[in-house]
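Written below as structure tokens is the structure these notes are about.
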């Protein structure tokens, strides 16, 4: 079947199978920041924005994205650059595999709630698993970024 | 991993219903649970083009389309004002925001999953379920029916004077619940829904009139003990039968006390 969507601001038309997952579709179009992790919709590694909302691309049919806008970290480099350094400064991204998912969901959080509390951050990022760091580094990094914005 | 031969975005409920009469076809909700299966699906039926993704608030009721996501339930101001925040509380620990942006009300309810926070909450709300073929029935009746090939179109929550409290116990945040417990007082009648027993949620009312004289620490304890005696539980890797029965008593008692204005619980 034919699929037409907008991927990172670019119109894309492609032939897909009915059961092609959005995860595989975006990776086959060069968006390798999107990772295959648990495949049971629990880890958040495959997070993309679908019409601006964070979703799990490992459980989204590519066909369901027809006519819609899909954004991956490749399309958000500038927005991510604002705060990823703060996360790196905390040593939060150790192996780094979970990092794109964390960054994507943090972007979604900050768009929705530009001044979150620590509890807001924990709640919003609860669907992003990290097997290295224990989550405190990511929290400290985001907090440091938010504090830096306040001067 | 599930395989799908054909994908159809339904153009009408009738088309979706007819397609769904074929055993090898499946209606897609959020596709989160379904995708972990090894089903070989002939035609995947997508309802997302049918305008069922809205919560409509009227003077007398909320009409919640089958494709409304759990995140929409969590954030809807009117629904959360009516339930005093219990609706948001019932879904906010379900995996993560990304998951709740996908999981649908229809998918959550139609499966009558034992672990369902959503079914527990809607039982306490005394909601009504609109099925395409079978028409409107109470959520209690719907929960007891054997899943068939009908379509869940929407859920209706009538606005009546009421108070609502939702609680769950999880071994870790975002895990499936060990027990879910929702209590309500609607039009003066108390309702208790207990789910993740680990079987699907059941509803209990105050048939013995234990709360008839009002909510006191004693009446709340008595109702909690009644619930623990009455609600069947079982054990699995998340908790033993004895632990779950203890939780039924404690959460019911706390919930009833909170309905009565005591936010510190038992």
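Chains as they are written, first to last, in the working numbering: chain A, 13 to 163; chain D, 83 to 348. Ideal placement from N, C-alpha and C gives every residue a C-beta, glycine not left out.
Assigned exposure category for residue i - 16 Cβ within 10 Å defines buried
i, result
"residue 210(D)", "buried"
"residue 58(A)", "buried"
"residue 131(A)", "exposed"
"residue 372(D)", "Absent from the structure is residue 372(D), since the part of chain D shown begins at 83 and ends at 348."
"residue 212(D)", "buried"
"residue 104(D)", "exposed"
"residue 126(A)", "exposed"
"residue 120(D)", "exposed"
"residue 105(A)", "buried"
Element boundaries [beta strand (DSSP E), containing residue i]
i, result
"residue 151(A)", "Premise fails: residue 151(A) lies in the alpha helix (DSSP H), 148-161, not in any beta strand (DSSP E)."
"residue 146(D)", "143-147"
"residue 138(D)", "137-139"
"residue 16(A)", "14-19"
"residue 222(D)", "Per DSSP, residue 222(D) belongs to no beta strand (DSSP E); it is in the alpha helix (DSSP H), 221-226."
"residue 23(A)", "22-27"
"residue 122(D)", "122-128"
"residue 66(A)", "65-68"
"residue 313(D)", "Unbroken run through residue 313(D): none, as it is neither H nor E."
"residue 61(A)", "59-62"
"residue 213(D)", "210-213"
C-alpha distance - residue i paired with residue j, whole-angstrom precision
i, j, result
"residue 136(D)", "residue 44(A)", "34 angstroms"
"residue 188(D)", "residue 163(A)", "46 angstroms"
"residue 326(D)", "residue 79(A)", "47 angstroms"
"residue 88(D)", "residue 131(D)", "17 angstroms"
"residue 157(D)", "residue 329(D)", "28 angstroms"
"residue 228(D)", "residue 111(A)", "43 angstroms"
"residue 30(A)", "residue 86(D)", "6 angstroms"
"residue 108(D)", "residue 185(D)", "16 angstroms"
"residue 275(D)", "residue 17(A)", "43 angstroms"
"residue 203(D)", "residue 172(D)", "7 angstroms"
"residue 85(A)", "residue 93(A)", "11 angstroms"
"residue 306(D)", "residue 340(D)", "13 angstroms"
"residue 235(D)", "residue 147(A)", "40 angstroms"
"residue 193(D)", "residue 232(D)", "12 angstroms"
"residue 27(A)", "residue 33(A)", "13 angstroms"
"residue 308(D)", "residue 225(D)", "22 angstroms"
"residue 67(A)", "residue 120(A)", "10 angstroms"
"residue 302(D)", "residue 129(D)", "43 angstroms"
"residue 182(D)", "residue 135(A)", "12 angstroms"
"residue 134(D)", "residue 94(D)", "11 angstroms"
Where the alpha helix (DSSP H) containing residue i begins and where it ends
i, result
"residue 249(D)", "Looking at the DSSP string, residue 249(D) is not in any alpha helix (DSSP H); the run it does join, the beta strand (DSSP E), is 244-251."
"residue 324(D)", "323-341"
"residue 35(A)", "34-40"
"residue 205(D)", "199-206"
"residue 96(D)", "95-102"
8 angstroms contact criterion, which residue i and residue j should meet: CB distance rounded
i, j, result
"residue 140(A)", "residue 113(A)", "5 angstroms"
"residue 118(A)", "residue 20(A)", "That belief does not hold up - the Cβ atoms of residue 118(A) and residue 20(A) are roughly 18 angstroms apart, past 8 angstroms."
"residue 207(D)", "residue 222(D)", "No, residue 207(D) and residue 222(D) are not in contact; Cβ-Cβ is about 11 angstroms, not under 8 angstroms."
"residue 168(D)", "residue 248(D)", "4 angstroms"
"residue 259(D)", "residue 250(D)", "4 angstroms"
"residue 175(D)", "residue 255(D)", "6 angstroms"
"residue 37(A)", "residue 74(A)", "4 angstroms"
"residue 116(D)", "residue 84(D)", "6 angstroms"
Original post:
Hey, which unbroken runs of the beta strand (DSSP E) at 3 residues or more fall wholly within the segment 239-304 of chain D?
Top reply: 244-251, 261-268, 271-277, 284-287
**OP:** Only counting runs of 4 or more residues, tell me where the alpha helix (DSSP H) segments fall wholly within the segment 150-193 of chain D, in order along the chain.
**Re:** 152-157, 159-164, 168-173, 179-182, 187-192
Subject >> Secondary structure, alpha helix (DSSP H): runs of 4+ residues fully inside the segment 74-159 of chain A >> reply: 89-101, 111-124, 130-136
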